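Worksheet: one structure, shown below.
Numbering (our numbering), first residue to last: 71 to 273.
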């Protein structure tokens, strides 16, 4: 019994040695405290030049700025898939259509209520503008349009640009791009449209 008590006391003594307060009591600076060590008197040190927070390294210039070598990129730096276009359509309708309209003609609801009309995406100048320009405008704003960098993530901004290009193509797609097995259908649609317009003029 005495041996057991002695062993227990020894064990507690050893355990007590392991509970030292060195880590707790070591010299350290607390936030916003003064320092006599640094010449500027501040305990909190500025970040080393070039420091980048984890997850925010934007080394792909084209992806994050829409530019390459100072010029707007002409190709979307993401794989343009059906999913990307669907995402672009959804985001376009939420953030862009109130001003630009669902088809990009600049006839959105706020325009119908008296606000300034934006330029149609279907004018020659914008149909020929590089995709990087549209990404830059969404990111940084332009004229009366505010920037959407905080509301729309980078990939979604490119998705919007991709969808915008489909809107432009929908109005100016060359007939040569129509698959051969669909050209008859196109011709029939154009003839029906001509007949409808002619009937309207007759009234």
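Glycine included, each C-beta is placed from N, C-alpha and C at the ideal position. All values derive from a computational prediction rather than experimental measurement.
**Prompt:** Are the Cβ atoms of residue 268 and residue 158 separated by less than 8 Å?
**Reply:** At the C-beta level, residue 268 and residue 158 stay beyond 8 Å of one another.
**Prompt:** Roughly how many angstroms separate the alpha carbons of residue 188 and residue 207, rounded to a whole number?
**Reply:** Between residue 188 and residue 207, the C-alpha separation is close to 13 Å.
**Which residues DSSP lists as bridging residue 137, in chain order** = Answer is 142.
**Message:** Give me, in chain order, the residues of the same chain whose beta-carbon lies closer than 7 Å to that of residue 264; leave out the 5 immediate sequence neighbours on both sides.
**Reply:** There are no such residues.
**Request:** Output the boundary residues of the alpha helix (DSSP H) element that contains residue 227.
**Result:** Unbroken alpha helix (DSSP H) run through residue 227: 224 to 242.
**Asked** So, using beta-carbon positions, are residue 277 and residue 201 closer together than 8 Å?
**Response** This structure cannot settle anything about residue 277, because the visible part of the chain is limited to 71 through 273.
**Message:** Suppose you measure from the CA of residue 239 to the CA of residue 101; what does that come to, to the nearest Å?
**Reply:** Between residue 239 and residue 101, the C-alpha separation is close to 57 Å.
**Request:** Determine the burial state of residue 226: buried for a count of at least 16 other Cβ atoms within 10 Å of its Cβ, exposed for fewer.
**Result:** The residue in question, residue 226, is buried, as its Cβ has 16 or more Cβ neighbours within 10 Å.
**Asked** What separation, rounded to the nearest whole angstrom, lies between the Cα atoms of residue 234 and residue 181?
**Response** Approximately 19 Å between the Cα atoms of the pair.
**Request:** Count the other CB atoms, across all protein chains shown, that sit within 10 Å of the CB of residue 242; report buried if there are 16 or more and exposed otherwise.
**Result:** By the 10 Å Cβ count, residue 242 comes out exposed.
**Asked** Considering only residues of the same chain and omitting the five flanking positions on each side of residue 214, which have a CB-CB separation below 7 Å?
**Response** Apart from sequence neighbours up to five positions away, the residues of its chain that approach residue 214 with a beta-carbon distance below 7 Å are 186, ordered along the chain.
**Request:** Would you mind giving the Cβ-Cβ distance between residue 132 and residue 116, rounded to the nearest angstrom? I have them listed as a contact below 8 Å.
**Result:** About 31 Å separates the beta carbon of residue 132 from that of residue 116, a gap too long to meet the 8 Å contact definition.
**Request:** Using beta-carbon positions only, say whether residue 190 and residue 176 come within less than 8 Å of one another.
**Result:** Taking 8 Å as the Cβ cut-off, residue 190 and residue 176 qualify as a contacting pair.
**Asked** What first and last residue would you give for the alpha helix (DSSP H) that runs through residue 169?
**Response** The continuous alpha helix (DSSP H) containing residue 169 extends over residues 167 to 170.
**Item:** Presumed contact (8 Å Cβ cut-off) between residue 173 and residue 256, rounded CB distance
**Value:** With a Cβ gap of about 19 Å, residue 173 and residue 256 do not count as contacting.
**Message:** Could you compute how far the alpha carbon of residue 128 sits from the alpha carbon of residue 122?
**Reply:** Each residue's Cα considered, the two are about 9 Å apart.
**Message:** Assuming residue 182 is part of the alpha helix (DSSP H), what are its boundary residues?
**Reply:** Start and end: 179 to 182.
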